[in-house]
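What follows is one structure encoded as structure tokens, with my remarks underneath.
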Amino acid sequence: MEFSIKTTNPEKQRSDCTVVGIYESRKLTAAALAVDTAAGGLLTSVLKRGDMEGKLASTLMLHSVPGIESDRVLLVGLGKERELDVAGYRKAVAAAVRALKGTGAASAAMYLAELAVKKVDITRKVAHLVETVMDATYKFDSMKGKQKDDKPKAKSLTKVLLSLAKADIKAGEAGVKQGLSVAAGVAFAKDLGNLPPNVCTPTYLAEQAIALGKASDLHVQVLDRPEMEKLGMGSFLGVAQGSRQPPKLIVMQHKKGKKNQKPVVLVGKGITFDTGGISLKPGAEMDEMKYDMCGAASVLGTFKAIVELDLPINAVGIIPTCENMPDGNAIRPGDVLTSMSGQTIEVLNTDAEGRLILCDALTYAERFEPASVVDIATLTGACVIALGHHLSGLFSNKDALAHELLSAGEQAWDRAWHMPMLEDYQGQLDSNFADMANIGGRAAGSITAACFLSRYAKKFDWAHLDIAGTAWKSGKEKGATGRPVPLLTEFLMQRAAKA
Ligand code: BES
Ligand code: MN
Ligand code: ZN
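Printed below as a string of structure tokens:
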């Protein structure tokens, strides 16, 4: 997709489609008014007929509008003028892209960048637009058969022209760059998530990290089983031992900050398929457990974005990745594992495997003397019950860090909710036979999972994002979302700006 910004007149700018906004009660935006005037009041009369009210995300396509250079004019509803916020803005942009799909339009002049949107500056607003367009045009078809079909392919959108006042163009162009970088990271994370588990194995993830490193200054290292054995990662390797696929520990270092600046460390859960292990999951929707590496994908996506932005910061990405399979050699309920930290763990449910691989990755993070550590994991079904599919669960041992992440999520429109992680819950992890159990019972399942991780994060400021509800969509629109790449990239951009 190509985005460009110029100062243009809606009635004179040529494109396959001119997109203008209509507020509720049929109030025209400035661009819609310009089109209406040039077309001799056509928009006003169409609206009067009641074909469109300006309701948020409604659309109406008009063809061969007189006095207009473009072939089509698309009206997009924006809702109440004074209430247009980021949520509404993104909905309206997505609706416009959907309305263009399946038409013959390959280029669009969108008069939406200049609209007033609550609480965002021009750069952020344009970035939202770009990210939304890229999200709405994302396709995953690399696994479809290659048979030729006779149907002529519908044209798809390839060029978007935005219009801004001269004084705002620079800020807008910064927004395009930022938006495209985030979108590239999101698309990378979506692709990795959507790939089937027989393709996207731990080895495949490691190869992707190495390829990203080759194409940039990112330093990438992959640890294999023998090295992890030497490090004493008994918890991670316990999970991995039931699989034919070799486990990998991927370590990526982006060193673009000051030499003495402590790095931000991101740790992503990379279970490329979670059967539950011996504590086997039920069959329904088990295919979706290919998405159990979406934490890892979000770390890879975020590193792709910060590499593209050449972000001046020191950041480390750590990805423990393996499969969770039932096998003659798999761990059993009752097994006791010794983690790299020395703490022992009684495995009471082999399906609580995410925390078992993350705990060793968190201990490994200590060697980077991190400024902060954030782990990202599709960790608990309980988090989906608590928050549904809109918000990621956020847990932290440091309120200031939690607030930074919450605010980054708000800015990037990739929101999280601060969950409690009181000492009171820790008792649920008591074990009669080891230092702790790997599950804490049914009550507060996402909190006790976070409590488990907190025991391996005592030496640094740490936050945990449970993305079980936000990393992918089920049902007809099944697919990875690329979340929380926007949140993480925004967080790192703000850290870089502060340094
Ligand atoms: N990957 C799952 C969490 C999950 C389940 C995410 C469903 C999204 C949808 C995780 O490894 C898991 O199985 N967690 C268990 C923990 C339980 C055994 C304490 C769960 O949530 O049921
Ligand atoms: Mn599991
Ligand atoms: Zn899992």
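One point on numbering: in the numbering used here, the residue at position 150 of the sequence shown is 189, and numbering is uninterrupted. The beta-carbon is built from N, C-alpha and C at its ideal position, and this holds for glycine as well. Computed from a predicted structure; not experimentally measured.
Rank P409, T142, K537 and Q247 by C-alpha distance to the C-alpha of S337 and give the top, closest one. Working through the sequence shown from its first residue, we reach residue 337 at position 298. Checked all of P409, T142, K537 and Q247; the closest Cα to S337 is Q247.
Which residue or residues does DSSP assign as beta-bridge partners of R111? If you number the sequence shown from 1, residue 111 lands on position 72. According to DSSP, R111 bridges with H102.
According to the neighbour-count rule (16 or more other Cβ atoms, all chains shown, within 10 Å of its Cβ), is M272 buried or exposed? As a working note, residue 272 is residue 233 in the sequence shown. Classification for M272: buried.
Roughly how many whole angstroms lie between the Cα atoms of G118 and G127? Position 79 of the sequence shown, counted from the start, is the residue given in the question as residue 118. Position 88 of the sequence shown, counted from the start, is the residue given in the question as residue 127. If I take the Cα positions, the gap works out to 8 Å.
State the Cα-Cα distance for the pair K229 and T417, rounded to the nearest angstrom. Locating residue 229 in the sequence shown gives position 190, where the first residue counts as 1. Locating residue 417 in the sequence shown gives position 378, where the first residue counts as 1. Cα-Cα distance, rounded: 14 Å.
Report whether the distance from the Cβ of D313 to the nearest heavy atom of the ligand NAD is below 7 Å. Ligands present in the displayed structure are limited to the ligand BES, the ligand MN and the ligand ZN, and the ligand NAD is not among them.
Going by CA-CA distance only, name the one from A279, K253 and H258 that's closest to P265. Reading the sequence shown from its first residue, position 226 is the one you call residue 265. Per the Cα distances, A279.
Using only the heavy atoms of the ligand ZN, determine whether one of them is closer than 7 Å to the beta carbon of E462. Taking the sequence shown and counting its residues from 1, one reaches residue 462 at position 423. Checking every heavy atom of the ligand ZN against the Cβ of E462, none is found closer than 7 Å.
Going by other Cβ atoms of all chains shown within 10 Å of its Cβ, with 16 needed for buried, is K209 buried or exposed? Looking up residue 209 in the sequence shown gives position 170. Exposure of K209 is indicated by the presence of fewer than 16 other C-beta atoms within 10 angstroms of its C-beta.
Is it right to say V304 is buried, meaning 16 or more other beta carbons lie within 10 angstroms of its own, or is it exposed? The sequence position of residue 304 within the sequence shown is 265, counting from 1. Buried, because 16 or more other Cβ atoms sit within 10 Å of the Cβ of V304.
Determine the closest residue to V238 out of V225, K301 and Y330, with distance taken between C-alpha atoms. Position 199 of the sequence shown holds residue 238. Ranking the options by Cα distance to V238, first place goes to Y330.
For the ligand ZN, any of its heavy atoms closer than 7 Å to the Cβ of D331? The sequence position of residue 331 within the sequence shown is 292, counting from 1. Checking the Cβ of D331 against the ligand ZN gives yes.
How many angstroms separate the CA atom of G432 from the CA atom of L445? Walking along the sequence shown from the start, residue 432 turns up at place 393. Walking along the sequence shown from the start, residue 445 turns up at place 406. For G432 and L445, the distance between alpha carbons rounds to 10 Å.
Alpha-carbon to alpha-carbon, T509 and T520: Indexing the sequence shown from 1 puts residue 520 at position 481. Indexing the sequence shown from 1 puts residue 509 at position 470. Their Cα atoms are separated by approximately 7 Å.
For T83, report the span of its alpha helix (DSSP H) as first-last. The count along the sequence shown starts at 1 and reaches residue 83 at position 44. Per DSSP, T83 belongs to the alpha helix (DSSP H) from L81 to K87.
Compute the distance between the beta-carbons of L101 and R111, then report whether it is under 8 Å. Your numbering for residue 101 matches position 62 in the sequence shown. Your numbering for residue 111 matches position 72 in the sequence shown. A contact, by the Cβ cut-off of 8 Å.
Hey, N353 and K294 are a contact pair by Cβ (cut 8 Å); roughly how many whole angstroms apart? Sequence index remark: in the sequence shown, residue 353 carries index 314 (1-based). Sequence index remark: in the sequence shown, residue 294 carries index 255 (1-based). Sure, about 6 Å apart at Cβ, within 8 Å.
Relative to the C-alpha of I61, which residue among V225, K87 and P359 is closest? Here the question's residue 61 lines up with position 22 in the sequence shown. Checking every option, the nearest Cα to that of I61 belongs to K87.
Excluding the 5 residues preceding and the 5 following L319 in the sequence, name in chain order all residues of the same chain whose CB lies nearer than 6 Å to its CB. In the sequence shown, counting from the first residue as 1, residue 319 sits at position 280. The residues P365, in chain order, have a CB closer than 6 Å to that of L319 in the same chain once the five nearest residues on each side in sequence are set aside.
Taking DSSP as the reference, what is the three-state secondary structure of D414? For the purposes of this step, residue 414 is taken as the residue at position 375 of the sequence shown. D414 falls in the strand class under three-state DSSP.
For the ligand BES, is there any heavy atom lying closer than 7 Å to the beta carbon of M328? Locating residue 328 in the sequence shown gives position 289, where the first residue counts as 1. If you check the C-beta of M328 against the ligand BES, you find a heavy atom less than 7 Å away.
Three Cβ pairs or more, each shorter than 8 Å: is that satisfied between the segment 459–478 and the segment 379–387? By the Cβ criterion, the segment 459–478 is in contact with the segment 379–387, since at least three pairs of Cβ atoms, one from each stretch, lie closer than 8 Å.
What does DSSP give as the partner residue(s) for M291 in the beta ladder? Stepping through the sequence shown from its first residue, residue 291 is reached at position 252. DSSP output for M291 lists V259 and G356 as bridge partner(s).
Ignore the nearest five residues each way along the sequence and tell me which others in K205's own chain have a CB closer than 7 Å to its CB. As a first step, residue 205 is located in the sequence shown; it is residue number 166 there, counting from the start. Around K205: T46.
Buried/exposed call for D313, threshold 16 Cβ in 10 Å: Locating residue 313 in the sequence shown gives position 274, counting from the first residue. Here D313 is buried. Its C-beta has 16 or more other C-beta atoms within 10 Å.
Taking three-plus beta-carbon pairs below 8 Å as touching, is the segment 339–359 in contact with the segment 372–379? Not touching, per the Cβ criterion.
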